[in-house]
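At position 56 of the sequence shown the residue is numbered 56 (full-length UniProt numbering), and the sequence of numbers has no breaks. Idealized CB from N, CA, C, for every residue including glycine. Some notes on the structure that comes next.
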Amino acid sequence: MSDSDSNDGHETDVPAVQPNADSDYGLDLPDFTQDAYSTQAPKSKIPLKKALSTSTLLPALKRTPSNVIATPDFPKPTVREAKIIELSKKLRNMTLALEREKSSKTDLSNKLKVLQTLSEKTATDSATSPHVSNTSANPSSTAMASELKSVKEKLVQTVRKLEEERIANQSLKSELRNTQKALVMEIGDDRGVHAGAKVLDGLMAAGWKGRAQQIHILKERVKELSLRASATLPAAPVLQRQLPADSNPGFESHRSNQTQHQQQDNLRRISERRQETHDQLHADFNTLTNEHSELKLKYEGTIARNKCLDKEIKSLKSKIQLLIDKATNDDKLIKAMHSELEYHQGLRDMKKKEERKLETVTF
């Protein structure tokens, strides 16, 4: 428990994240996603405590931003490189603490198993031999029970610390992954990130060049070439008069100037073609915009005319309905008049018949 207590002061307040993402950036980091409550470490792998204590990782751990001296060929590491180094150190410290907690947990669990077997054995012995005096059995059983209780408490504390270490380890892995993503977005590809990870592991620290160092070297080379070009260009005409074309030292610079002029002409022609294409597209765009505005006006006029026609259709429908109602009423009136006419016609026929009967009677 002394090893686990000594590591309680390590940096553990890091944001929590998802594990198993370090392999995406080329970092050969240990896997902390095993079960925190497992009691045995893998048998086929070298313990991480031994692997991390090797001499291959010492240069990477000692290369901190405070003790790195900036030189023209080796400039000072950037903030992101320093952050990667710091996170790698934190990760290794958390790995060591995790392995110590695992080993202490394994020892405590083995001790707990031994004590459980002893307690079971004493319980069976006391059950089989009841003639043993209680005075002699009680002190040993109480001592064993107290020791078992303390071992259980230590085991619970160890498991809790192991879980905290695992969570902190996952947080560090998440922070490292986010830093690597930021580096990839800054550099443009992940090759530089992979190379930096190998440097941190001490695998290729001799031949590796950082981005700032490469930029510095390229700037120095550009300055040197500019000085050479400025020194050779004034003497080129004289040397061309004195020496043939094949043995002229300034011939190469003259040819490079011609090539540069040709490239500039090509670029100028390309830019002119692009400008013409842009102007043509701009004119087409203006034409299409005008056509669109005209079509939009026509569409709006058509919509207004449709609305007027809809109103006229509604008014005509209402008039037609009135005419239909009037025709229906006229039909009813005609039927009523026909029935009344038939009634009066019948009455008149009856009167005529009565008059004829009266005339026949009188004669």
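May I ask you to report which of helix, strand or coil DSSP gives residue 422? Nothing in the structure corresponds to residue 422, since the chain is present only between 1 and 363.
Between the CA atoms of N266 and D84 - distance to the nearest angstrom: Looking at the sequence itself, residue 84 is Ile, so the reference to Asp does not match. One C-alpha to the other measures close to 45 angstroms.
Taking 8 angstroms as the cut-off, decide whether the C-beta atoms of L87 and T179 are in contact. yes
Considering only C-alpha positions, which residue in the set T158, E294, T122 is nearest to S109? T158
For a test of the three-state rule: what should DSSP assign to N178, helix, strand or coil? helix
CA-to-CA distance, D330 to L322, given in whole angstroms: 12 angstroms
The segment 105 to 124 contacting the segment 168 to 176, beta-carbon criterion three pairs below 8 angstroms: no
For T78, which of helix, strand or coil comes out of DSSP? coil
Checking 8 angstroms against the spacing of the C-beta atoms, do K105 and L176 come in under that value? no
For K357 and G346, what's the separation of their Cα atoms in angstroms? 17 angstroms
Do you know offhand how far N67's Cα is from T78's? Residue confidence for N67 is low, a pLDDT of 46 falling below 50, so the modelled location carries little weight and cannot support an answer.
Exposed or buried, R100, counting other C-beta atoms within 10 Å across all chains shown (16 or more means buried)? buried
Would you kindly work out how many angstroms separate the C-alpha atoms of N290 and L227, rounded to a whole number? 57 angstroms
Going straight from the alpha carbon of E276 to that of R269, what length do you get? 10 angstroms
Identify which residue in Y343, K113, A327 has its Cα closest to the Cα of residue 365. Residue 365 lies beyond the range of the chain shown here (1 to 363); nothing can be said about it.
Spatial distance of R221 from N257 (CA atoms): 19 angstroms
Give the C-beta separation of M94 and E165 to the nearest angstrom, bearing in mind that I take them to be a contact with Cβ-Cβ under 8 angstroms. 6 angstroms
Name the residue from R80, H282, Q263, L333 whose alpha carbon lies nearest to the alpha carbon of M185. R80
For A97 and S141, the rounded distance between their alpha carbons: 35 angstroms
For D310 and T328, what's the separation of their Cα atoms in angstroms? 27 angstroms
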